[in-house]
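Number of protein chains: 2
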Amino acid sequence: MTQERPDLRERKKRATQEALREAALRLALERGTANVRVGDIAEAAGVSPRTYNNYFSSREQAIVAAVTAQRETRIAEAMAAQPAHVPLTDAVTAAIVDIYTTPGDDDHAALLLITTDPALRHAFLDTTAAIEAPLTTAIAQRLGHTDRCLLYTVPTGSLPGLLRAALAPLAPALDTAR
Amino acid sequence: MTQERPDLRERKKRATQEALREAALRLALERGTANVRVGDIAEAAGVSPRTYNNYFSSREQAIVAAVTAQRETRIAEAMAAQPAHVPLTDAVTAAIVDIYTTPGDDDHAALLLITTDPALRHAFLDTTAAIEAPLTTAIAQRLGHTDRCLLYTVPTGSLPGLLRAALAPLAPALDTAR
DNA sequence: CAGGAAACTTGCGTGCACGCAAGTTTGCGT
DNA sequence: ACGCAAACTTGCGTGCACGCAAGTTTCCTG
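Residue numbers (numbering that gives the first Met the number 0), protein chains in the order written: chain D, 0 to 177; chain F, 0 to 177.
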């Protein structure tokens, strides 16, 4: 695995993107979405407001991106944690259930934030669902080729059982994929 | 006093300049001047080697600049600390003496570094003497106009008495300046 | 509902950071 | 003394960050 190291420019770009996401989420959690100015996020991330809009084309996108990124890494981790011999179907459902049952630091609050605010919800649905990317790559790694699966899961009174039920319909698709 | 705040670009430029100076001095003190690569300084400051040479045109300049900057601020502080009623002559000599007698953290080591290494000495003398700028501004503030004074003081076995002696010739010039 | 202020988003020109490649210096081993 | 290798310095082209100004949205107030 040649760990292709990106050059300095690339690293800095990623760093400011992450700084912006992080700052946006933190501020939104601290004082509520309505009280966060673009200038505040930019300042907290150490860049100009103009630069914010070079990375995100709306005020909400950064917040959504932050949550999305969090969940992407968590899903990837959860999938990687599954032993290889576990059937694909079970691995996927377990990984997703894991997210909703064992939340990280501000994960719950962030989700609440997004599901509460209309603008955030809209921005969230604009992005391809947060769970798609890491799942497809994980699945692709298991199988030989790339299949796409699209999941929309909005947690309303969510319990592990509810989740399993909601994910059950996917089982045949995943099985036939192999 | 309208504290004219420089814009973000300016602040960032100053920041990286300072980061470079700081990194250069720290590394030079840690491992000796000979074992410091330009790339190391740049990396420690978070910029590319190319950028180092946008700020300093030689490997030694950053180290020298670091010491120079340190001394500039210390001289400025020392001059500011003098009560206004103290005669100009005494204020200047006291400020300079203060530098050599009550050194800061790595001030001594830094000076030793510079006076030891030939390349550093050369680079140091290339820059207008470290003490000039803050002194002239301080003096200018006291008088109404701008006078220039050039001091070359290389501390060889320096003692307060030696310093006072060396600075004595300046007294008449400073007195007539008023 | 009209008017206006504050915040947002975007096009544009400028300046700095970067990577690259060429030319130069430095220091070392033979 | 010679040649080589590593490090340094600099010109050049490209891309990103910034400031600015214009157009738009949003929200509040009369």
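Note that beta-carbon positions come from the ideal geometry of N, C-alpha and C, so glycine has one too.
Got a sec: is the Cβ-Cβ distance from residue i to anything in chain F below 9 Å?
| i | result |
| --- | --- |
| Leu7 (chain D) | yes |
| Val46 (chain D) | yes |
| Asp146 (chain D) | Confidence in Asp146 (chain D) is poor, its pLDDT being 42 and thus under 50, which makes the residue's placement unreliable; the coordinate value appears in the next sentence. No, because no Cβ of chain F sits closer than 9 Å to the Cβ of Asp146 (chain D). |
| Ala176 (chain D) | Residue placement at Ala176 (chain D) is poorly supported in this model, since its pLDDT is 49, which falls under 50; the coordinates still yield a value, given next. Taking Cβ atoms only, chain F never reaches closer than 9 Å to Ala176 (chain D), which makes this a no. |
| Gly143 (chain D) | Since pLDDT at Gly143 (chain D) reaches only 47, below the 50 mark, its modelled position is unreliable, and the value read off the structure follows with that caveat. No, its Cβ sits nowhere closer than 9 Å to a Cβ of chain F. |
Compare the beta carbon distance of residue i and residue j with 9 Å and say whether it is the shorter of the two.
| i | j | result |
| --- | --- | --- |
| Glu59 (chain F) | His121 (chain F) | yes |
| Leu24 (chain F) | Ala79 (chain F) | no |
| Ile113 (chain F) | Val63 (chain F) | yes |
| Leu19 (chain F) | Ala44 (chain F) | yes |
| Thr72 (chain D) | Phe123 (chain D) | no |
| Gln81 (chain D) | Ala94 (chain D) | yes |
| Thr32 (chain D) | Ala108 (chain D) | no |
For a cutoff of 9 Å on Cβ pairs, would you count residue i as touching chain D?
| i | result |
| --- | --- |
| Lys12 (chain F) | no |
| Gln16 (chain F) | no |
What residue range does the alpha helix (DSSP H) around residue i cover?
| i | result |
| --- | --- |
| Gly38 (chain D) | 37-44 |
| Asn52 (chain F) | 48-54 |
| Val66 (chain F) | 58-80 |
| Val85 (chain D) | That residue, Val85 (chain D), is in no alpha helix (DSSP H); it is neither H nor E in DSSP. |
| Thr15 (chain D) | 7-30 |
contact_flag[the segment 45-54 of chain F, the segment 8-25 of chain F] where n(CB pairs < 8 Å) is 3 or more: yes
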